[in-house]
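Heads up: the sequence shown begins at 408 in my numbering, then just goes up one per residue.
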Amino acid sequence: MSLLVVGSVAFDAIETPFGKTDKIVGGAASYIALASSYFTQNVNLVAVVGDDFPNEFIAHLNVHGVNTEGLQVKKGEKSFFWSGKYHTDMNSRDTITTELNVLGDFDPIIPDAYQNCDYLMLGNLTPKVQQTVIERLTKRPKLIVMDTMNFWMEIAMDDLRRTISMVDVLTINDEEARQLSGEYSLVKAAAKIQEMGPKYLIIKKGENGALLFHGKQIFFAPALPLEEVFDPTGAGDTFAGGFIGYLAKTNDISFDNMKNAIIYGSAMASFCVERFGTERIVNLNNDELKNRISEFKHLVKFDL
Ligand code: AMP
């Protein structure tokens, strides 16, 4: 099934307790597109970069089968830039810089060939732009999944609430779920957020796993305990890419299949954190993925 991915494609500068990077390639849609490409070869990207963005990375996306016809390259302009510093527990971080640059006036043009997509993944991006993408699709996709972050809650809450009301699945982290709902209990937060529109809510809890809420149903998936965690940047996006990639591959949006998709998303995210940036997820092989999935099975399997 075809998947449309929209989101930031960017430069990041990251500092973790294990090291520091200069500007490297990042951005929500970069991680999502790469991760989803392991499940479906029908990934179409809409995003914007400046002419400072490396062609090599675009070529990498193409090698992964990602269609970049909808990636706009703005002459004489700079790509979105984000920098962040992780705390010692690596579960929380501070944003140091957000320079919107080309994202500031991004007009998301959807190529004709992308119309009629079955699945839409709205990665982290200006909420108004996310909304414009939905409005520009001639046919509503079978499933719309959206990610966002505290930055947009702080500067564009009204737009954000409107966009959230238009999607089927929202993925956010625990801190953001509390900020969006005003509730400390994640169960109460989930109920309030579902009233805002999305019938499904995924709350990501970093190394503490992820929760899927749908009405009164709750599913929990742990994160795989790893020997090496270098950089959590993009883990949420990689999770989202694995999640929607698996749904697009199986074309089944039942709650039970979403549980499987969450395990695949978690497996993809577990690779992402093992290196800085997209380094680990550009070159995965199928055996590695298969083995991770089986590690997940063993981790949570028990007989009563
Ligand atoms: P994650 O670690 O999954 O939350 O995602 C990190 C990625 O989100 C980085 O690669 C950033 O480039 C990107 N990012 C950070 N802030 C924003 C923002 N305000 N809008 C869009 N993308 C962002």
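All residues carry an ideal CB built from backbone N, CA and C; glycine is no exception.
| Item | Value |
| --- | --- |
| CB Gly684 to CB Thr423, shorter than 9 Å? | no |
| Who are the near neighbours of Pro548 in its chain, counting only those whose CB is closer than 8 Å to its CB and skipping five residues on each side? | Leu411, Cys524, Asp525, Tyr526, Leu527 |
| Which of the three DSSP states, helix, strand or coil, is assigned to Val416? | coil |
| Quick one, are the C-beta atoms of Leu619 and Phe627 less than 9 Å apart? | yes |
| Classify Glu476 as helix, strand or coil using the three-state DSSP reduction. | strand |
| At a threshold of 8 Å, does Asn474 count as lining the ligand AMP (C-beta to nearest heavy atom)? | no |
| What three-state label does DSSP hand Tyr591 in the structure shown? | coil |
| Quick check: Leu510 and Thr533, are their CB atoms within less than 9 Å of each other? | yes |
| How about Gly616 and Gly649: are their beta carbons less than 9 Å apart? | no |
| Tell me the rounded alpha-carbon separation between Thr502 and Glu614. | 19 Å |
| Report all residues from its chain with a CB closer than 7 Å to the CB of Leu706; omit the five preceding and five following residues, and keep chain order. | Pro629, Leu631 |
| According to DSSP, what are the bridge partners of His494? | Paired residues: none, contrary to the question. |
| What are the boundary residues of the beta strand (DSSP E) that includes Leu619? | 617-621 |
| Less than 8 Å between the CB of Leu478 and some heavy atom of the ligand AMP, yes or no? | no |
| On the CB-based measure, 16 or more other CB atoms within 10 Å of its CB, does Asn462 come out buried or exposed? | exposed |
| Counting only the same chain and skipping the five closest in sequence on each side, list residues whose C-beta sits under 6 Å from that of Phe488. | Phe418, Glu506 |
| Cα-Cα, which of Gln522, Ser677, Ala655, Lys704 is closest to Leu691? | Ser677 |
| Between Ser443 and the rest of its own chain, which residues show a CB-CB distance below 8 Å, the 5 nearest in sequence each way excluded? | Leu410, Val412, Val450, Met528, Gly648, Gly649, Ile651, Gly652, Ala655 |
| Quick check: what's the CA-CA separation for Gly414 versus Asp581? | 21 Å |
| Which residue wins for smallest C-alpha separation from Ser490, given the options Ile670, Thr504, Ala668, Ala584? | Thr504 |
| Name the DSSP beta bridge partners of Asn451, please? | Leu411, Asn474 |
| To the nearest angstrom, how far is it from the Cα of Thr447 to the Cα of Ala520? | 17 Å |
| May I ask whether a heavy atom of the ligand AMP can be found less than 8 Å away from the beta carbon of Leu510? | yes |
| Determine the extent of the beta strand (DSSP E) in which Met528 is found, giving its start and end residues. | 526-529 |
| Can you give the Cα-Cα distance for Arg585 and Leu567, rounded to whole angstroms? | 15 Å |
| Spatial neighbours of Asp565 within its chain, please: C-beta separation below 8 Å, excluding the five flanking residues on both sides. | none |
| Considering only heavy atoms of the ligand AMP, does any lie closer than 8 Å to the CB of Met408? | no |
| When we look at the beta-carbon of Phe460 and count the other beta-carbons within 10 Å, is it buried (16 or more) or exposed? | buried |
| Kindly indicate which residue of Glu681, Asp575, Val594 has the alpha-carbon position closest to the one of Ser661. | Asp575 |
| Output the distance between the C-alpha atoms of Ile609 and Ile551, rounded to the nearest integer angstrom. | 13 Å |
| Which same chain residues end up closer than 6 Å to Lys611 when comparing Cβ atoms and leaving out the 5 residues on each side of it in sequence? | Asn580, Ala617, Gly643 |
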